[in-house]
Amino acid sequence: MATVLYDDGNHRCLSFGDLVTGEGIQSNQFLVIHGEHEALIDPGGDLTFTALSMEISKHIRLQDLDYLVASHQDPDIIASLSSWLSRTNATVVCSRLWSRFVPHLIPGYLGSQVGSRCLALPDGGGDIPMGDAVLKAVPAHFLHSVGNFQFYDPVSRILFSGDMGASVADDPAGSPFVEDFAAHIPHMEGFHRRYMVSRKVTRLWANMVRHMNVDMLVPQHGPAFRGREMIGQFLDWISNLECGIDLMTQENYRMPS
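Using our numbering, the letters of the sequence shown correspond one by one to residues 777 to 1033.
In structure tokens, the structure reads:
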């Protein structure tokens, strides 16, 4: 079932999770509905397509979906693209750095549709129109993809943060929100140390977010950060975490014996 992140009667943000069976990592998918316009953020791979399409069909007609929005190119983000393109008329939104790679995700007979159905984002991001509202594509490059975006909803003041803030817990069906930040750190630390490129970049990102009006920071894996205090704790933590190339030495670049 969907978790309702925001609902004012005309504008809704829904989260879907715990849809993966088998060995695949659990991931969250998000549906933003504004009036008669809809955007599906990070729709996932084939492991989630059937269950997710059935769930969102309870809220919208699949054929009416306006956008398939992808923060980056990982399989758990967008590998189900061909299924969505063949069943909806949605436009794909992604970084222009990898928009030319999108045809590799779909069968040849759909290849001719990609160009006319792709909104390729410049590095600076931009607005994704949804009637009299917008989703804002926010630069998050190298966190962890070279062409990475997050998506900010000014109505709900939710930042859909992709892999930033992601966690892997033993209990995927736990609370949808982080309740104890210190206790949550062990579920995030290993992932962020390996997948985020450097402390320089995480600090630049955190500085940007501190100047945004964010009430909820919602990652693609694990629970969300709700409230300015909890979000502030995460921003302080990630700003001081050595990660990625900060941790590399010559020992990491040696021929195997």
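Note that the Cβ used here is the ideal one computed from N, Cα and C, for glycine as well.
Could you pull out every residue in the same chain whose Cβ sits closer than 6 angstroms to the Cβ of residue i, ignoring the five residues on either side in sequence?
i     : result
R1002 : F953, M992
F806  : S791, I817, F936
P915  : G901
S859  : F825
C870  : A846
I832  : L807
By DSSP's criteria, residue i is part of a beta bridge. Which residues make up the other side?
i    : result
L911 : I904
R788 : D783, I809
Q926 : V914
I817 : F806, V845
T867 : Y843
I934 : D929, M992
F953 : A1000
C748 : In the structure as shown, the chain starts at 777 and stops at 1033, and residue 748 therefore has no counterpart that could be examined.
Going by C-alpha to C-alpha distance, which of the options sits closest to residue i?
i     : options                   : result
D1012 : N983, V910, P995          : N983
L816  : V808, L823, I1021         : V808
L988  : P999, M964, P962, Y928    : The sequence shown places Met at residue 988, not Leu. Of the candidates P999, M964, P962, Y928, the one whose C-alpha sits nearest the C-alpha of M988 is Y928.
V944  : A1000, L1017, V922, A896  : A1000
Q996  : E955, Q1026, A942         : A942
I1021 : V868, L781, F918, L844    : F918
G811  : N1028, G1008, I1014, V931 : V931
A909  : S921, R893, R933          : R933
T867  : S892, R876, H880          : S892
G998  : S951, H880, L881, T978    : S951
Short of 7 angstroms in beta carbon distance, which residues of its chain neighbour residue i, apart from the five on each side in sequence? Order them along the chain.
i     : result
T864  : L838, Q839, L841
D783  : none
P851  : G821
Q1101 : With the chain represented from 777 up to 1033, any question about residue 1101 goes unanswered, as that position is not in the structure.
H874  : Checking the sequence shown, residue 874 turns out to be Trp, not His. Result list for W874: Q849, G923, in chain order.
L1023 : R969
Determine the direct distance from the alpha carbon of residue j to that of residue i, and round the result to whole angstroms.
i     : j     : result
L911  : D903  : 6 angstroms
H968  : N786  : 36 angstroms
I854  : M777  : 21 angstroms
H963  : M972  : 15 angstroms
R872  : L897  : 5 angstroms
L935  : C789  : 11 angstroms
Q802  : D794  : 6 angstroms
T826  : L857  : 12 angstroms
F925  : V845  : 10 angstroms
T779  : F957  : 21 angstroms
I1007 : K834  : 31 angstroms
V994  : H920  : 16 angstroms
W981  : I1014 : 9 angstroms
Sorted by chain position, which residues of the same chain lie with C-beta nearer than 8 angstroms to residue i's C-beta, five sequence neighbours on each side aside?
i    : result
E965 : L1017
G907 : H810, G811, E812, H813
I836 : L807, I809, E814
I961 : W1013
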